[in-house]
């Protein structure tokens with residue numbers, strides 16, 4: 055069920071235990087071969103598939119394409135909301151629907167740079183409503199929901215998502231191959247951080263000159279379809295759990 059298709063009396067009449075999903079992504083550089091809108095395109099397709107599966111049991115808000123992408127600002131075309139601005143934006147989304155009476159609010163994320171501010175927004179909103187034990191506030195990044203895509207798609211060579219990597223390149227090849235530049239001559243940029251497990255401050259240019267991390271040259275549309283199926287199943291499973299929550303329990 056799409057928020058954009060309904061009028062306000064229809065929203066008012068909904069069961070307030072209906073989960074409300076806020077998809078959030080980005081508009082930022084994706085190397086030499088992928089479009090700036092990659093994160094939003096990919097999450098949009100996952101959300102489209104989820105909406106088909108879940109019907110009127112979940113309310114989907116339009117995808118928010120502006121994300122926290124400050125670390126990519128050395129690359130032209132990137133648009134970013136600074137971290138505090140982005141936290142406040144997400145807090146505002148949540149507060150809007152709490153004001154409308156909804157109790158199950160889920161942010162589904164499709165951009166790594168949104169992860170820390172997104173979790174902070176969920177934390178801050180919960181603190182403001184600490185007397186409410188009927189609120190379910192969730193933030194989830196779609197590739198962090200537990201699946202191991204390489205187990206169902208053994209052709210995958212990478213076992214983690216990078217940036218404009220095998221995974222993202224494969225999904226764009228499946229969704230919009232006309233937007234993908236030549237990948238056969240792009241050398242891989244390795245993963246890793248010499249200071250792990252410490253968290254190191256970084257900007258993208260610290261890690262990669264061309265803008266990608268991983269090996270886009272091994273991406274295929276077939277791998278992309280497998281990834282879409284796995285990630286859609288993960289998001290649907292999370293939303294099914296939000297639907298079936300008893301309204302009070304932690305476990």
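Numbering (this note's numbering), first residue to last: 55 to 305. Glycine included, every Cβ here is placed at the ideal spot set by N, Cα and C.
Between the beta-carbon of residue i and the beta-carbon of residue j, is there less than 8 Å?
{"i": "residue 296", "j": "residue 190", "result": "yes"}
{"i": "residue 108", "j": "residue 79", "result": "no"}
{"i": "residue 159", "j": "residue 151", "result": "yes"}
{"i": "residue 87", "j": "residue 253", "result": "no"}
{"i": "residue 272", "j": "residue 211", "result": "yes"}
{"i": "residue 206", "j": "residue 284", "result": "yes"}
{"i": "residue 154", "j": "residue 65", "result": "yes"}
Taking the continuous beta strand (DSSP E) assigned at residue i, which residues delimit it?
{"i": "residue 163", "result": "158 to 163"}
DSSP three-state label for residue i, please.
{"i": "residue 194", "result": "strand"}
{"i": "residue 74", "result": "strand"}
{"i": "residue 249", "result": "coil"}
{"i": "residue 125", "result": "helix"}
{"i": "residue 133", "result": "strand"}
{"i": "residue 114", "result": "strand"}
{"i": "residue 86", "result": "strand"}
{"i": "residue 257", "result": "coil"}
{"i": "residue 56", "result": "strand"}
Name the residue from the options whose alpha carbon lies nearest to the alpha carbon of residue i.
{"i": "residue 129", "options": "265, 305, 287, 279", "result": "265"}
{"i": "residue 163", "options": "197, 280, 252, 127", "result": "197"}
{"i": "residue 135", "options": "65, 70, 81, 215", "result": "81"}
{"i": "residue 267", "options": "132, 102, 181, 214", "result": "214"}
{"i": "residue 324", "options": "247, 140, 254, 275", "result": "Outside the shown range of the chain (55 to 305) lies residue 324, about which nothing can therefore be said."}
{"i": "residue 59", "options": "72, 77, 116", "result": "116"}
{"i": "residue 300", "options": "290, 63, 173, 71", "result": "71"}
{"i": "residue 291", "options": "225, 91, 247, 100", "result": "100"}
In the DSSP assignment, find the alpha helix (DSSP H) that holds residue i and state where it starts and stops.
{"i": "residue 343", "result": "Outside the modelled stretch of the chain, which goes from 55 to 305, sits residue 343, for which no answer is possible."}
{"i": "residue 103", "result": "92 to 108"}
{"i": "residue 229", "result": "220 to 229"}
{"i": "residue 169", "result": "169 to 182"}
{"i": "residue 206", "result": "203 to 206"}
{"i": "residue 67", "result": "62 to 67"}
Contact check, residue i vs residue j under 8 Å by CB: the rounded distance?
{"i": "residue 114", "j": "residue 161", "result": "No, residue 114 and residue 161 are not in contact; Cβ-Cβ is about 12 Å, not under 8 Å."}
{"i": "residue 104", "j": "residue 233", "result": "Contact flag wrong, Cβ pair sits at about 22 Å."}
{"i": "residue 222", "j": "residue 84", "result": "7 Å"}
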